[in-house]
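What follows is one structure encoded as structure tokens, with my remarks underneath.
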Amino acid sequence: MWYVSTRGMAPQIDFEEALFSGYAPDGGLYMPEELPQLGRETLHEWSTLSYPSLVKELCSLFIGPELIPRDDLNDLIDRAFSRFRHREVVHLSRLRNGLNVLELWHGVTYAFKDLSLCCTAQFLQYFLEKRKRHITVVVGTSGDTGSAAIESVQGAKNVDIIVLLPKGHCTKIQELQMTTVLRENVHVFGVEGNSDELDEPIKTVFADVAFVKKHNLMSLNSINWSRVLVQIAHHFFAYFRCAPSLDMHPLPPVEVVVPTGAAGNLAAGCIAQKMGLPIHLVVAVNSNDIIHRTVQWGDFSLSKAVKPTLASAMDIQVPYNMERIFWLLSGSDSQVIRALMEQFERTKSVSLPKELHSKLSEAVTSQSVSDEAITQTMGRCWQENQYLLCPHSAVAVSCHYQQVDRQQPSPPRCCLAPASAAKFPEAVRAARLTLDTPAEILALEHKEARCTPMRKGDDWTRMLRDTIEDLSQQWQRRFLNLPA
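Residue numbers (the UniProt record's numbering): 1 to 484.
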């Protein structure tokens, strides 16, 4: 299995190289050169598998046994999921009025990103130990990625992690989950800016190819292929749990509602579709609606500013995984994608070519959900089911309720729930509901916190580069047993 850049100007690489890469050297994102096609027989076989077993099957299709032998792969995935609170790892709640909620948040940080990051971290450590290497991971976060990335590598001897969080733009709990991990290999910066602004110094650093190579830098944002790979399993699991029967011809469709910001879960769903899974995708966004406008009108353009919403982890203006989706739907036409994305980077606005837009609107439908609709949905779900949604899950469930209220016949529907309501007490209060906060989240308030400020007017790129250089020197001293 080879991986190629969506922009077509970088050499093809294997899974190990894709795992350790952020953006490709030509600015594109890595994708498998070809997608395995799954027939009815394979889908039948997989339909009774547990979530961890599905992840193993999917990963074995994209990671050659010469890189990670199958027994090792199984062990790594078992280890990745060993700290999850639910025995199924992910759990489907079947609620009133045909509402199916797939809970992806039973990991350490109560968010879906634990699923892909725990696996990615195991793959990384496997190769690092084998190659006797050290890496520095750099992560920009709008809320949940940072804490899940920290948890997945904290204490690892071959990995340092630097996280940039947008000060005042995450919830208190999200911030504390990052700043209270006082491990030697964890370095957290609080940036006076939003999540798009803090991505700028990261992108600048990663554009310096020699610097990246010298210091073994990598990213764990969902530009990393490994994260998208694991997320493909959500869609298969949702399908198998919600499809009425796999004995029908053709196989029955299932609608999967994907709340998203950077479009990683959506890209995973499009890949699952292309592999032969009969799902219809509904993408649900908050008031930051670039994906919705792109699906509806082909208008891939930035708004004037990020709008702060109750679903704060989705307050993103640049959904970089849309590039993967465009590439997939264009029939891997890297020339078209390169022209499109370079124009977007220059002008912050692009109209999709007619054919690409029509392919996108065939594969995906979309909705944008206001804060008012989020709190109404949280309230209604509690009233009907005594079930508490986080604001991001409510963005998805709002789409379900709109369909139910129209009383139109539709296929079974599964709403992905990316986080636990326990992480978003402010949104729960806004919906006039009460929260029974888990003890480990309450305990965060009393822990010591550590966070370096990046203030407006500071040279953020310089601060980031200096930190990376210091960490490289420390590793060399440790590796060579030199005195500090």
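Glycine included, each C-beta is placed from N, C-alpha and C at the ideal position.
- The straight-line gap separating the alpha-carbon atoms of V4 and D26 is approximately 11 angstroms.
- The DSSP-derived three-state label of H86 is coil.
- Taking I63 as the centre and dropping the five residues before and after it, the same chain places the C-beta of F15 closer than 6 angstroms to its C-beta, in chain order.
- The DSSP-derived three-state label of G264 is helix.
- The stretch 387-443 is shown to contain whole beta strand (DSSP E) runs of 3 or more residues at 413-417, in chain order.
- The residues L246, in chain order, have a CB closer than 8 angstroms to that of H44 in the same chain once the five nearest residues on each side in sequence are set aside.
- In this structure G264 is buried. Its beta-carbon is surrounded by 16 or more other beta-carbon atoms within 10 angstroms.
- In the DSSP secondary-structure assignment, R94 is bridged to N100.
- Selection D78, R293, G276 and L115 evaluated against V283 yields R293 as nearest (Cα-Cα).
- L310 and D405 do not touch by the CB rule: their CB atoms are close to 21 angstroms apart, not below 8 angstroms.
- By the criterion of a C-beta distance shorter than 8 angstroms, L49 is surrounded in its chain by E57 and F240, once the five residues flanking it on both sides are discounted.
- Setting aside the 5 residues that flank it on each side, D72 has no residue in the same chain whose C-beta is closer than 6 angstroms to its C-beta.
- Cβ neighbours of P412 within its own chain (closer than 6 angstroms, five residues either side excluded): C242 and V254.
- Two segments are said to touch when three or more pairs of C-beta atoms, one from each, lie closer than 8 angstroms; by this definition the stretch 446-454 does not touch the stretch 135-142.
- Counting only residues of its own chain and dropping the five nearest sequence neighbours on each side, K348 has a CB closer than 6 angstroms to the CB of L302.
- Looking only at P52, E103 and E33, the smallest Cα-Cα distance to A80 is reached by P52.
- In the displayed model, S245 falls within coil according to three-state DSSP, outside both helix and strand.
- The alpha carbon of A417 has as its nearest neighbour, out of P438, S410 and P391, the alpha carbon of P391.
- Inclusion of A267 and N321 in the CB contact set at 8 angstroms is warranted, their separation being smaller than that value.
- For the beta strand (DSSP E) assignment, the uninterrupted runs of no fewer than 3 residues enclosed by the stretch 178-248 are, from N- to C-terminal side, 186-191 and 217-219.
- Here Y30 is bridged, per DSSP, to S5.
- In terms of Cβ geometry, A149 and L117 form a close pair [threshold 8 angstroms].
- For S301, there is no enclosing alpha helix (DSSP H); the enclosing beta strand (DSSP E) covers residues D299 to S301.
- The beta carbon of Q402 is closer than 8 angstroms to those of Q367 in its chain, skipping five residues each way along the sequence.
- Three or more beta-carbon pairs separated by less than 8 angstroms are not found between the stretch 419-430 and the stretch 123-136, which leaves the two stretches without contact.
- Looking at the backbone, the Cα of V257 and that of W475 are separated by about 44 angstroms.
- Remark: C-beta atoms of G261 and I202 do not approach each other more closely than 8 angstroms.
- Burial state of W297 is exposed, judged by a 10 Å Cβ sphere holding fewer than 16 other Cβ atoms.
- The residue among K456, H357 and T452 with its C-alpha nearest the C-alpha of E175 is T452.
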